[in-house]
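Numbering-wise, the sequence shown is residues 6 to 517 according to the UniProt record's numbering.
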Amino acid sequence: PVLVVDFGAQYAQLIARRVREAKVYSEIVPHSMPVAEMLAKDPAAIILSGGPSSVYEPGAPQLDAKLFDAGVPVFGICYGFQAMAQALGGTVAHTGRREFGGTALATRPEAGVLLRDLPAELSVWMSHGDCVTEAPAGFAVTACSPGAPVAAFEDVAGRRAGVQFHPEVAHTAHGQAMLTRFLYDIAGIEPTWTMGNIIEDQVAAIRDKVGDKEVICGLSGGVDSAVAAALVHKAVGDQLTCVFVDHGLLRAGEAEQVEQDYVAATGIKLKVVDAADRFLAALDGVTDPEDKRKIIGREFIRVFEAAAREVAAAGDVEFLVQGTLYPDVVESGGGTGTANIKSHHNVGGLPDDLKFSLVEPLRTLFKDEVRQLGLSLGLPEAMVWRHPFPGPGLAIRIIGAVSADRLAVLRAADLIAREELTAAGLDRDVWQFPVVLLADVRSVGVQGDGRTYGHPVVLRPVSSEDAMTADWSRLPYDVIARISTRITNEVPEVNRVVLDVTSKPPGTIEWE
Ligand code: XMP
6 PVLVVDFGAQ
16 YAQLIARRVR
26 EAKVYSEIVP
36 HSMPVAEMLA
46 KDPAAIILSG
56 GPSSVYEPGA
66 PQLDAKLFDA
76 GVPVFGICYG
86 FQAMAQALGG
96 TVAHTGRREF
106 GGTALATRPE
116 AGVLLRDLPA
126 ELSVWMSHGD
136 CVTEAPAGFA
146 VTACSPGAPV
156 AAFEDVAGRR
166 AGVQFHPEVA
176 HTAHGQAMLT
186 RFLYDIAGIE
196 PTWTMGNIIE
206 DQVAAIRDKV
216 GDKEVICGLS
226 GGVDSAVAAA
236 LVHKAVGDQL
246 TCVFVDHGLL
256 RAGEAEQVEQ
266 DYVAATGIKL
276 KVVDAADRFL
286 AALDGVTDPE
296 DKRKIIGREF
306 IRVFEAAARE
316 VAAAGDVEFL
326 VQGTLYPDVV
336 ESGGGTGTAN
346 IKSHHNVGGL
356 PDDLKFSLVE
366 PLRTLFKDEV
376 RQLGLSLGLP
386 EAMVWRHPFP
396 GPGLAIRIIG
406 AVSADRLAVL
416 RAADLIAREE
426 LTAAGLDRDV
436 WQFPVVLLAD
446 VRSVGVQGDG
456 RTYGHPVVLR
466 PVSSEDAMTA
476 DWSRLPYDVI
486 ARISTRITNE
496 VPEVNRVVLD
506 VTSKPPGTIE
516 WE
């Protein structure tokens, strides 16, 4: 792998993703990992990420210069660039002169390999206090900016290079080209991380692990479990049984998508449990959001457990598939073994006599790779590109108690919003588009010939990178207008449509 050494900034995951985009496999390791351990991974190259603004900062992470003795290609970015300069005998000046944001870079493309064929002037993303004033011996300086006399350097023979700016962010022009240049032309790495190879490797690994045992997987309708199951099915065929618990809280068409389209596309053996009545009964009269979540989680485990027992009774089930992704692995410390499982179908709640070993075929993948994989495996596009959807489903988008009638109203309104978003070609511009029914609020309207006393729905389109923070999406007014007109015309119980214009924080994405 290419190792991305995380110096504590938020950029390491982004760098790792960009490396994968160049079709090279990457892994993130903490800067505290001893050099010997990094080298034991037989890295094709090491990329030192950004981090604190100054190598002089008290407690700033140190770079062990032994890293440079092993002959492994190294690329330093921002903090990693300065740490590299210092370790190799260059000079880092504690100027305190900051550059932050878009910065004009003057380059000497012909002076080296990294910036070859790129324009002599580039706009790049900077974020630094100190700067490198003198490159280490043997390094050519190929760029400078007003605040960084040495903004890029390289030693092609030694297979090392570095840049003060952030090539991994979209604001840096030609950043991906620079990373690719380093990987291919300086480090000499072949682009072999392709969907075809990923599938082949994973299929082999799954077969190896599972042998002739049976496997079970819970499908939620979301992309992760769908892709994980499809991959396992490709590897072991009908040794896999999927269980889909329909809790009756999904949106219009979603249960059918799993039960019909997905099964048709994959040929997977699916056990459907229609538990809608049971969930509705358990939720009867419940209005507190946390209570709703707990009830749904509890019921889910019970229903899944019963279904798993039936499947297990029929065969020698030893494995459970989980759609754990690489960011979960990194954020939970990157350890192997225990998975950090989110969402309501956390089957860690299963009783001891039903404990399975985990199969996690997506553990090394980023979300965008999972989507590509889903497409390569022939899954329906609507499923692959589905927006994130909370485990407790529409129950936490009805403000007030949940009932079959209220679910029907919300489903109708939600479908209209989704149809219009898709028609406007904006599905991939928003992260998520909850529609919320204020079931305990009533408002007066005139619909048709008479006064009505109906309910408002809230449109909550948001833009986000990772759901940790979000901003309300500036959807075109005409799209919002169409959604509003259609909902108030086609859903008689709703006579008012309002737009949520709150960022996160302070507002969460969901209303409950
Ligand atoms: P909030 O509302 O906290 O949501 O900003 C962040 C993201 O998490 C989703 N979400 C959930 N997902 N079970 C889930 O599986 C839950 O209980 C849950 N609550 C919120 C939400 O849709 C958003 O993508």
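Cβ atoms here follow ideal geometry from the backbone N, Cα and C, with glycine treated the same way.
- Excluding residues up to 5 positions away in sequence, Thr112, Pro114, Thr147 lie with their Cβ nearer than 6 Å to the Cβ of leucine 120 in the same chain.
- Assignment of beta-bridge partners to leucine 399 by DSSP yields no partner.
- The beta carbon of arginine 298 sits closer than 6 Å to the beta carbons of Pro397 from its chain, once the five residues preceding and following it are set aside; these are given in chain order.
- A Cβ-Cβ distance of about 15 Å is found for the pair histidine 36 and phenylalanine 73, leaving them out of contact under the 8 Å criterion.
- Residue nearest to proline 172 within the set Arg164, Gln181, Arg165 is Gln181 (criterion: CA-CA distance).
- Across the set Ala270, Asn494, Phe305, the C-alpha of Phe305 shows the shortest separation from the C-alpha of aspartate 282.
- Within the same chain, and ignoring the five residues on either side of arginine 487 in sequence, the residues whose Cβ sits closer than 7 Å to its Cβ are Glu425.
- Remark: the C-beta of threonine 513 is in contact range of the ligand XMP, defined as less than 8 Å to any heavy atom.
- The distance from the Cβ of methionine 200 to that of glutamine 377 is about 6 Å, consistent with a contact at the 8 Å cut-off.
- In this chain, tyrosine 482 is not harboured by any beta strand (DSSP E); it is covered by the alpha helix (DSSP H) spanning 482-495.
- For alanine 429, the closest alpha carbon among the candidates Arg416, Ala178, Asp483 is that of Asp483.
- Comparing alpha carbon positions, the residue from His460, Arg423, Val441, Val496 closest to leucine 480 is Arg423.
- Per DSSP, the unbroken beta strand (DSSP E) holding proline 154 starts and ends at 153-160.
- The beta carbon of arginine 501 sits closer than 8 Å to the beta carbons of Ser448, Gly450, Gly459, His460, Pro461, Val462, Thr493 from its chain, once the five residues preceding and following it are set aside; these are given in chain order.
- Where leucine 325 is concerned, there is no enclosing alpha helix (DSSP H), although the beta strand (DSSP E) around it starts and stops at 322-326.
- Here alanine 50 is not near phenylalanine 86, since their CB atoms are 9 Å or more apart.
- Annotation: the continuous alpha helix (DSSP H) that includes glutamine 181 extends over 180-186.
- Taking every protein chain shown into account, the CB of serine 31 has 16 or more other CB atoms within 10 angstroms, so this residue is buried.
- Non-local beta-carbon contacts of alanine 417 in its own chain, meaning distances under 6 Å to residues more than five positions away in sequence, involve Val496 in chain order.
- For tyrosine 458, the uninterrupted beta strand (DSSP E) segment begins and ends at 455-464.
- In this structure glycine 290 is exposed. Its beta-carbon is surrounded by fewer than 16 other beta-carbon atoms within 10 angstroms.
- When the five nearest sequence neighbours on each side are left out, the beta carbons in the same chain lying within less than 6 Å of the beta carbon of glutamate 259 are those of Gly226, in order along the chain.
- DSSP places arginine 22 in the helix class (H, G or I) of the three-state scheme.
- Arginine 391: not part of any alpha helix (DSSP H); DSSP gives it neither H nor E.
- With contacts defined as CB atoms closer than 9 Å, glutamate 386 and glycine 320 fail to qualify as a contacting pair.
- Between the C-alpha atoms of isoleucine 421 and phenylalanine 187 there is a straight-line separation of about 48 Å.
- Fewer than three pairs of CB atoms, one per stretch, sit closer than 8 Å, so the stretch 85-104 makes no contact with the stretch 190-204.
- DSSP places glutamine 377 inside the alpha helix (DSSP H), whose first and last residues are 372-381.
- Every unbroken stretch of the beta strand (DSSP E) spanning 3 or more residues and falling wholly within the stretch 243-324 is given here in chain order: 245-251, 274-279.
- Secondary structure within the stretch 64-147: the beta strand (DSSP E) runs of 3 or more consecutive residues, fully enclosed, are 79-82, 96-98, 104-112, 126-133, 136-139 (chain order).
- Cysteine 247 and leucine 275 have their alpha carbons spaced roughly 5 Å apart.
- The closest CA to that of alanine 287, considering only Gly253, Asp266, Thr271, Tyr267, is found on Gly253.
- For phenylalanine 394, the shortest C-beta to heavy atom distance toward the ligand XMP is below 8 Å.
- Taking 8 Å as the upper bound for CB-CB distance, isoleucine 221 and valine 322 are in contact here, some 5 Å apart.
- One alpha carbon belongs to threonine 457, the other to alanine 409, and they sit about 21 Å apart.
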